[in-house]
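S.K.: Take this structure, written in structure tokens, and hold onto it; I'll ask about it next.
There are 4 protein chains.
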Amino acid sequence: MAQGLGVAVIGAGMAGKAHAAAYRVAPTLFDPVLPPIRLVSIGDANPQFGDVAARRFGYERTDACWQAIAESDDIDVVSVVVANRLHLEIVEGLLAAGKHVLCEKPLADTLASARAMADLAAGASGLARVGFTYRRTPGIAYLKELLDTGVLGRVLHVSGRYWTDYGASPQAPMSWRYQGGPGSGALADVGSHLSYVAEFLAGDLQSVSGGRLSTVIGSRPLPLAAVMGHDHVAVSDEHADVENDDYAAFSATFAGGVGAFEVSRVAAGHANSLIVEVFCENGAATFDQRRPAEIGLFLNEGPTARNGYRQVLLGPEHPYLASGLAMDAVGVGFGQNDAFAYQARAFLEEVAGVDPTAALPPCATFAEGVHNMEILAAVSESALHHGKVVSL
Amino acid sequence: MAQGLGVAVIGAGMAGKAHAAAYRVAPTLFDPVLPPIRLVSIGDANPQFGDVAARRFGYERTDACWQAIAESDDIDVVSVVVANRLHLEIVEGLLAAGKHVLCEKPLADTLASARAMADLAAGASGLARVGFTYRRTPGIAYLKELLDTGVLGRVLHVSGRYWTDYGASPQAPMSWRYQGGPGSGALADVGSHLSYVAEFLAGDLQSVSGGRLSTVIGSRPLPLAAVMGHDHVAVSDEHADVENDDYAAFSATFAGGVGAFEVSRVAAGHANSLIVEVFCENGAATFDQRRPAEIGLFLNEGPTARNGYRQVLLGPEHPYLASGLAMDAVGVGFGQNDAFAYQARAFLEEVAGVDPTAALPPCATFAEGVHNMEILAAVSESALHHGKVVSL
Amino acid sequence: MAQGLGVAVIGAGMAGKAHAAAYRVAPTLFDPVLPPIRLVSIGDANPQFGDVAARRFGYERTDACWQAIAESDDIDVVSVVVANRLHLEIVEGLLAAGKHVLCEKPLADTLASARAMADLAAGASGLARVGFTYRRTPGIAYLKELLDTGVLGRVLHVSGRYWTDYGASPQAPMSWRYQGGPGSGALADVGSHLSYVAEFLAGDLQSVSGGRLSTVIGSRPLPLAAVMGHDHVAVSDEHADVENDDYAAFSATFAGGVGAFEVSRVAAGHANSLIVEVFCENGAATFDQRRPAEIGLFLNEGPTARNGYRQVLLGPEHPYLASGLAMDAVGVGFGQNDAFAYQARAFLEEVAGVDPTAALPPCATFAEGVHNMEILAAVSESALHHGKVVSL
Amino acid sequence: MAQGLGVAVIGAGMAGKAHAAAYRVAPTLFDPVLPPIRLVSIGDANPQFGDVAARRFGYERTDACWQAIAESDDIDVVSVVVANRLHLEIVEGLLAAGKHVLCEKPLADTLASARAMADLAAGASGLARVGFTYRRTPGIAYLKELLDTGVLGRVLHVSGRYWTDYGASPQAPMSWRYQGGPGSGALADVGSHLSYVAEFLAGDLQSVSGGRLSTVIGSRPLPLAAVMGHDHVAVSDEHADVENDDYAAFSATFAGGVGAFEVSRVAAGHANSLIVEVFCENGAATFDQRRPAEIGLFLNEGPTARNGYRQVLLGPEHPYLASGLAMDAVGVGFGQNDAFAYQARAFLEEVAGVDPTAALPPCATFAEGVHNMEILAAVSESALHHGKVVSL
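Chains as they are written, first to last, in the working numbering: chain E, 275 to 666; chain F, 275 to 666; chain X, 275 to 666; chain Z, 275 to 666.
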């Protein structure tokens with residue numbers, strides 16, 4: 275570590291590139307300077323993808339297998355950004371080699387694998403953290419601050435929705451996304467983020483009920499070409515049945531309130547809309563991912579005739595933005611790439627053992643990653659049993 | 275009826291006044307002129323209330339009991355706008371006397387009473403209708419038109435919320451609203467409207483599940499003076515327990531889609547926010563009572579880069595507004611008093627047996643009123659049985 | 275007047291019908307009951323139009339010429355709602371006959387005629403008032419209340435726009451609207467409302483400068499059929515030149531602030547958008563006709579991090595809505611037909627000499643009508659002299 | 275240049291840090307990889323500021339005077355981000371030394387200095403560019419694309435406002451911002467951006483008229499401590515007169531349309547709101563800096579009843595976002611730091627002589643910087659001559 279912490283990213287897809295860029299930006303955030311880091315390797319089974327990403331983001335090399343990274347003495351810190359079903363094997367290898375690991379969410383493809391990973395983490399010398407980036411979203415973070423400091427008072431109820439539209443067209447071609455068991459559809463895809471945010475704000479989730487998993491577009495045309503991401507390729511006249519959930523709903527009891535939640539992959543007009551409303555004793559607050567640079571805030575104070583929801587534009591007095599980016603004036607804007615950079619910074623600070631930047635809470639542990647998967651499993655169980663209450 | 279249909283309103287509270295004003299305005303809506311009507315009586319147990327309303331809205335007299343109205347030969351049409359527990363007795367008397375009855379929703383205080391009223395209606399010579407005014411809201415009506423004409427395509431899922439805040443402050447004094455059995459709180463209060471609108475849009479509701487009834491503010495201070503409406507009178511140090519639901523949630527299966535719904539009386543900042551989103555195969559549409567003069571509309575057409583939710587301002591090309599009010603240009607605005615007038619017009623047209631105005635669907639029957647109460651009863655039953663599915 | 279004030283409306287077009295309906299509703303607004311009124315006559319040169327309106331709104335008869343109304347002993351109060359160029363002759367006749375006159379804005383087609391009318395009004399026994407309905411718009415009225423009560427502090431600057439789109443398409447056919455001298459286009463059409471609202475809020479307008487009148491669509495196709503209102507009839511290949519202003523801009527100095535204003539008839543997507551922003555020492559407020567049931571309000575108070583523009587939903591604590599309509603709860607909504615009713619009520623109260631309803635300021639005088647036309651004339655003069663300052 | 279282009283930034287304030295960070299990120303944007311660059315020096319008269327910034331953003335050293343940078347053989351590219359009055363001297367020195375210069379806007383403190391700089395640029399071997407970052411704002415860039423590709427048709431009129439509130443409180447202390455000649459206040463501060471954006475969209479500005487410069491808060495309290503930025507330090511009872519414009523307005527004629535514009539530094543509730551509306555023959559579009567991740571779009575197509583302004587969320591199909599940032603999905607967000615990175619990238623591409631990235635137009639020339647200052651000078655001249663037309 276004489277030359278600084280060596281960093282690698284496994285996976286050169288879009289999220290992998292976000293991790294790769296984030297490590298490059300992380301040292302420039304906030305004033306206290308991090309210990310030096312070296313951008314060493316981007317691993318990808320497709321050497322061309324890895325090579326392009328390495329050159330673009332300034333990494334020294336690319337590796338074609340994760341084992342090469344696990345074995346490298348010049349690498350200390352590794353982001354794992356590959357298919358969920360590969361997480362267990364790779365993370366096990368990296369932790370065994372003493373690396374510090376930041377694994378993308380969800381922690382694994384099955385709850386059993388996730389629990390195995392948490393066990394490994396408990397015994398590992400390196401740190402094991404999971405990447406829930408929504409705690410790095412300034413609006414969500416400010417809602418939490420308003421709750422933690424008592425401005426809003428006790429939480430009464432929470433309402434959340436995560437609408438996406440990648441499957442909204444009945445002509446969107448069949449793909450692996452539409453196959454799998456109950457809960458492997460919209461619930462797994464975006465319910466993970468929504469339940470994470472709900473619990474981040476409202477405290478420990480104790481039980482769910484009213485689980486509902488619905489397939490509302492029963493079959494989809496077979497594609498005539500390979501489907502990359504959410505692309506709408508040409509389709510054939512043949513159809514196959516959709517196996518998992520287009521839509522899911524559930525309600526929940528938290529430490530200090532209740533709430534109801536919906537997710538969808540067939541919500542026309544919504545690319546990526548996480549929406550959350552928190553109702554409390556002293557007021558209420560809302561966040562809508564479509565307008566990420568603001569929150570809605572209502573406070574029970576002053577004359578009723580003049581009161582109403584406020585559009586609070588996020589700026590240098592709000593979490594992450596204060597002294598975070600180079601330019602930090604009001605209205606300066608921010609994005610998910612910045613959120614990944616904040617995450618990388620928090621991880622590097624914890625790895626380096628430096629005093630954490632006050633504004634920057636640490637990354638979630640593997641235990642938290644398991645817990646998040648348990649919530650989704652409970653929703654599926656409730657749905658399979660016609661809405662019954664499932665405790666966590 | 276030589277001098278026209280005689281009209282009476284029983285109840286001179288706020289909603290009663292809305293009915294009284296509506297009969298006065300109804301003949302002026304749309305071009306075909308109604309048969310003549312006479313504004314005869316406003317009944318109220320408090321003669322002073324009845325007298326003021328009669329003078330203000332131009333009714334000939336006031337009556338201090340409903341029996342006097344039932345016995346009057348010069349009255350043909352009666353709106354019943356009194357406490358729900360009085361509906362059965364009064365409607366029974368009016369129907370027995372051959373009157374045409376427009377009863378405010380919900381139809382009764384208990385499902386048994388509502389069913390008895392529907393039986394009476396089936397055997398009565400006069401019409402028996404229930405006042406669901408939301409079908410008279412131009413935005414809701416336009417959503418239905420978009421669905422009925424196929425513009426939006428098949429419904430996939432529906433999401434609805436009805437937020438109110440009259441109990442949002444823990445200092446709001448104890449009153450009858452906070453007393454009663456499960457489902458008699460927020461669910462009865464505003465869930466009736468929300469479930470009506472959902473079914474109006476998405477078709478027959480077949481089952482509910484995941485019912486949840488939550489009391490999130492457990493006790494309230496006793497008032498030191500009589501509580502009128504939602505007034506926040508001075509309170510004592512003593513508290514009493516809240517018995518019924520501050521918040522309710524459920525999900526539902528409709529003829530052609532699914533959905534999830536929430537209602538609250540403790541949602542800070544929301545006086546009266548009915549919000550509904552309909553997601554369909556060809557697009558999606560939303561209505562928000564806070565901005566009643568517009569809907570949100572997304573259509574799956576044209577280049578993605580230019581697409582997005584449209585703010586459609588309601589005007590003369592939309593239901594009710596076209597040739598309805600005297601001034602009917604775009605941006606002319608409208609309100610719930612107008613909705614009551616449309617309702618009175620539809621009721622009078624049906625009573626008079628004239629060709630109905632095309633734009634004006636008839637009022638809901640008592641059978642529909644019973645069905646709406648059955649939905650809420652099913653939600654309460656689901657809640658009592660930990661979220662189970664309850665078929666209708 | 276034994277049987278009550280006799281009311282007539284001259285003109286049975288859309289605005290005439292709004293006046294006709296308004297007199298019918300006026301007595302029902304607010305609690306103190308008006309002296310009795312009789313709805314006597316609707317005058318229109320087209321007897322069929324007059325007849326339909328009389329039957330629809332419950333007037334006793336129709337008259338085919340204004341002289342018949344002037345000569346009727348049973349008529350005390352007359353609204354004049356016809357082409358501007360006819361105002362002088364009709365109002366002169368009505369005032370000579372001792373009637374009370376409510377004349378639609380603008381007061382006349384020329385400043386000279388308007389001044390002559392103001393002279394006639396000064397010597398008349400009857401009241402002469404002009405119908406600026408925007409002071410009856412609850413949002414505008416609340417902005418004024420916030421200014422008058424000192425909540426917002428001294429006005430610094432005002433910004434206003436009135437966008438309409440009836441000429442937005444280059445294919446909108448040539449009509450009389452596109453003919454006439456400088457300032458007879460968009461400026462006369464909607465600038466009248468905008469300047470009225472600006473002065474209502476910011477106090478006496480002292481001078482204008484930077485007048486600009488622009489014809490941005492130089493020619494329009496000739497219609498192949500008569501153009502009614504803003505209809506887009508079939509057009510020929512032949513075009514004629516547009517003579518007057520599609521767009522106008524000016525800035526102004528008020529008693530206590532400055533401001534800039536724009537109007538357009540070619541603003542795509544805006545049917546009827548009057549938008550005004552008032553910036554003051556203690557905060558700021560905005561009104562947008564597209565969302566008439568709310569205002570935007572910013573107050574310089576409390577922590578900056580929590581502050582922002584509030585969406586204040588108008589309800590029973592705001593002007594006109596408090597105890598005005600039958601149903602007056604929050605979120606009940608309202609429209610321009612209601613504004614006409616408030617105006618009719620204020621006029622009838624002044625005619626009857628009763629104590630005015632506190633919430634209901636009197637109608638504007640003819641002198642105010644002249645002043646409003648002088649402002650627009652000053653804008654045109656500034657435009658003709660390349661933007662120079664013109665004092666009022 | 276064997277080891278890559280050497281980069282320096284002169285000025286370590288907030289904007290200087292944005293430039294410093296931007297050079298670090300620039301190579302990672304878009305797929306084609308830039309020639310190598312070296313981050314060499316951050317210059318600042320305050321060595322501590324320079325040192326912190328150099329360490330934070332990974333520059334090799336700091337220099338305490340610009341001459342050291344001009345003389346360094348290892349520096350090829352220099353951003354100048356210091357007080358406007360220093361631009362001429364420093365840029366002259368850098369160009370004489372053969373450096374490529376990116377100078378922050380406005381080009382200089384006086385028009386004469388700006389013209390001198392343009393003359394120097396014309397004879398220099400290095401590139402001379404000025405940093406108008408608003409062309410890097412995805413929403414503004416998409417408006418331009420909609421205009422350039424004919425989707426919106428010919429521009430009819432443009433409306434723009436730039437509201438800021440740093441002087442909104444009458445208690446904001448006196449500072450250098452409130453001193454200087456006509457036009458040196460709000461007009462110079464934010465009018466530069468607004469007029470740049472207007473011309474970027476509507477084409478060459480040919481003349482202005484109706485210039486208005488208003489001081490609406492006449493005096494301000496003297497500060498009791500040094501004022502940094504817009505800080506509200508403690509103030510004394512003594513006041514001094516404000517010398518320059520709190521508010522400015524003007525209208526303009528462009529190559530193909532007209533428009534009106536306002537700027538303010540006393541607009542309560544607006545930290546930094548650049549708002550622009552473009553009205554065209556086929557539709558209209560709007561941008562509002564408060565919601566930077568979307569534009570408003572109206573297109574004259576399809577049935578009127580379903581039409582309205584669309585909220586187009588910016589994503590990978592829109593300028594700069596497509597393949598720009600590491601993560602480039604819809605709803606990923608972005609900010610002004612990203613805009614600086616795009617600008618740095620465009621400048622480096624031009625310096626390196628590589629094929630420019632298609633999505634990335636070059637930076638503005640010094641001639642454009644002079645022209646922008648001439649527009650503001652014309653507004654001031656119009657204001658001094660009571661609103662007269664001033665041609666450019």
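Where is the CB? At the ideal position from N, CA and C, for every residue including glycine.
Work out the CA separation of alanine 398 of chain F and alanine 682 of chain F for me, nearest whole Å.
M.R.: Chain F is shown from 275 up to 666; residue 682 of chain F falls before or after that span and cannot be answered.
S.K.: Output the residue ranges of the alpha helix (DSSP H) runs that lie fully inside the stretch 348-387 of chain F and measure 4 residues or longer, sorted by chain position.
M.R.: Counting whole runs of 4 or more residues, the stretch 348-387 of chain F contains the alpha helix (DSSP H) stretches 361-370.
S.K.: Under 7 Å: does the beta carbon of leucine 385 of chain Z sit that close to some heavy atom of the ligand GTP?
M.R.: The ligand GTP is absent from the structure shown, which contains no ligand whatsoever.
S.K.: Where aspartate 478 of chain Z and proline 566 of chain Z are concerned, what is the direct C-alpha to C-alpha distance, given to the nearest angstrom?
M.R.: Approximately 25 Å, taken between the alpha carbons.
S.K.: Would a check of beta-carbon distances place leucine 430 of chain X closer than 8 Å to chain Z?
M.R.: So yes, leucine 430 of chain X belongs to the interface.
S.K.: Could you name the residues of chain E that arginine 330 of chain Z contacts, counting a contact when the two beta carbons are closer than 8 Å?
M.R.: Simply Pro301, Thr302, Asp305 and Val307.
S.K.: Would you give the residue range spanned by the beta strand (DSSP E) that tyrosine 452 of chain E belongs to?
M.R.: Neither: tyrosine 452 of chain E is in no beta strand (DSSP E) and is coded neither H nor E.
S.K.: Thinking C-alpha only, which one of E:Asp325, E:Ala579, E:Thr407 and E:Arg580 is nearest histidine 467 of chain E?
M.R.: That would be E:Thr407, whose Cα lies nearest to the Cα of histidine 467 of chain E.
S.K.: Work out the CA separation of leucine 548 of chain Z and leucine 417 of chain Z for me, nearest whole Å.
M.R.: For leucine 417 of chain Z and leucine 548 of chain Z, the distance between alpha carbons rounds to 14 Å.
S.K.: Return the residues of the stretch 561-576 of chain F that lie within a Cβ-Cβ distance of less than 8 Å from chain X, sorted by chain order.
M.R.: Taking 8 Å as the Cβ-Cβ cut-off against chain X, the residues of the stretch 561-576 of chain F that qualify are Gln563, Arg564, Arg565, Pro566, Ala567 and Glu568.
S.K.: When DSSP labels each residue in this structure, what does isoleucine 549 of chain F get in the three-state scheme?
M.R.: It is a strand residue.
S.K.: Counting Cβ pairs, one atom from each stretch, are 3 or more of them under 8 Å apart for the stretch 536-550 of chain E and the stretch 427-439 of chain E?
M.R.: They touch, by the three-pair rule.
S.K.: Have a look at F:Arg330, F:Cys554 and F:Gln341 and flag the residue whose alpha-carbon is nearest the alpha-carbon of aspartate 520 of chain E.
M.R.: That would be F:Cys554, whose Cα lies nearest to the Cα of aspartate 520 of chain E.
S.K.: In this structure, does DSSP put valine 644 of chain F in helix, strand or coil?
M.R.: Three-state result, valine 644 of chain F: helix.
S.K.: Using 8 Å as the threshold, is the C-beta distance between asparagine 518 of chain Z and glycine 576 of chain Z below it?
M.R.: No.
S.K.: Find the residues of chain X that neighbour lysine 291 of chain F, judging by a C-beta separation of less than 8 Å, and give them in chain order.
M.R.: By Cβ distance, chain X contributes Ala600 and Met601.
S.K.: Since I believe valine 283 of chain Z is in contact with serine 353 of chain Z (beta carbons under 8 Å), could you give me their beta-carbon distance rounded to a whole number of angstroms?
M.R.: Serine 353 of chain Z to valine 283 of chain Z, Cβ: 5 Å. Contact.
S.K.: Taking only beta carbons into account, state which residues of the stretch 314-347 of chain E come closer than 8 Å to chain Z, listed in chain order.
M.R.: From the stretch 314-347 of chain E, only Val326, Arg329, Arg330, Phe331 and Gly332 have a Cβ closer than 8 Å to chain Z.
S.K.: Could you say if the stretch 521-534 of chain Z and the stretch 649-660 of chain Z meet the contact criterion of at least three C-beta pairs nearer than 8 Å?
M.R.: Because the criterion of three Cβ pairs below 8 Å is met, the stretch 521-534 of chain Z and the stretch 649-660 of chain Z touch.
S.K.: With a cut-off of 8 Å, do at least 3 Cβ pairs link the stretch 568-582 of chain X to the stretch 571-587 of chain F?
M.R.: The stretch 568-582 of chain X vs the stretch 571-587 of chain F: no contact.
S.K.: In the DSSP output, which residue or residues are listed as bridge partners for glutamine 445 of chain E?
M.R.: According to DSSP, which records beta bridges pairwise, glutamine 445 of chain E is partnered with nothing at all.
S.K.: Report all residues from its chain with a CB closer than 7 Å to the CB of isoleucine 343 of chain E; omit the five preceding and five following residues, and keep chain order.
M.R.: Only Ala282, Ile284, Ser315, Gly317, Asp337, Ile349 and Val352 meet the Cβ criterion.
S.K.: Could you tell me the distance, in whole angstroms, from the CA atom of alanine 668 of chain X to the CA atom of glycine 484 of chain X?
M.R.: Examination of residue 668 of chain X is not possible in this model, given that chain X is present from 275 through 666 alone.
S.K.: Based on DSSP bridge pairs, tell me the residues matched to tryptophan 437 of chain F.
M.R.: Answer is F:Ser538 and F:Ser547, bridged to tryptophan 437 of chain F.
S.K.: How big is the Cα-Cα spacing for glutamate 655 of chain E and glycine 661 of chain E?
M.R.: Taking the straight line joining both Cα atoms gives about 8 Å.
S.K.: Closer than 8 Å by C-beta to alanine 319 of chain F: which residues in its own chain qualify, once you throw out the five before and the five after it? Chain order, please.
M.R.: Answer for alanine 319 of chain F: Ala338 and Cys339, listed in chain order.
S.K.: Indicate whether glutamate 536 of chain Z and alanine 472 of chain X have their beta-carbon atoms separated by less than 8 Å.
M.R.: Cβ atoms of glutamate 536 of chain Z and alanine 472 of chain X: not closer than 8 Å.
S.K.: Look at the Cβ atom of glutamate 334 of chain E, then the Cβ atom of leucine 313 of chain E, and state whether they are nearer than 8 Å.
M.R.: A contact, by the Cβ cut-off of 8 Å.
S.K.: Do you know whose CA, among F:Arg619, F:Leu376 and F:Ala641, lies nearest leucine 303 of chain F's CA?
M.R.: Residue F:Arg619 is the option with its Cα nearest to leucine 303 of chain F.
S.K.: Quick check: what's the CA-CA separation for leucine 595 of chain Z versus aspartate 393 of chain E?
M.R.: Approximately 41 Å between the Cα atoms of the pair.
S.K.: Buried or exposed: where does alanine 657 of chain Z fall if 16 or more other Cβ atoms within 10 Å of its Cβ makes it buried?
M.R.: Buried, by the Cβ-count rule.
S.K.: Apart from the five residues on each side of it in sequence, which residues of its chain come closer than 7 Å, Cβ to Cβ, to proline 412 of chain Z?
M.R.: So the list reads Leu588, His592, Pro593, Tyr594, Leu595 and Phe608, once near-sequence residues are dropped.
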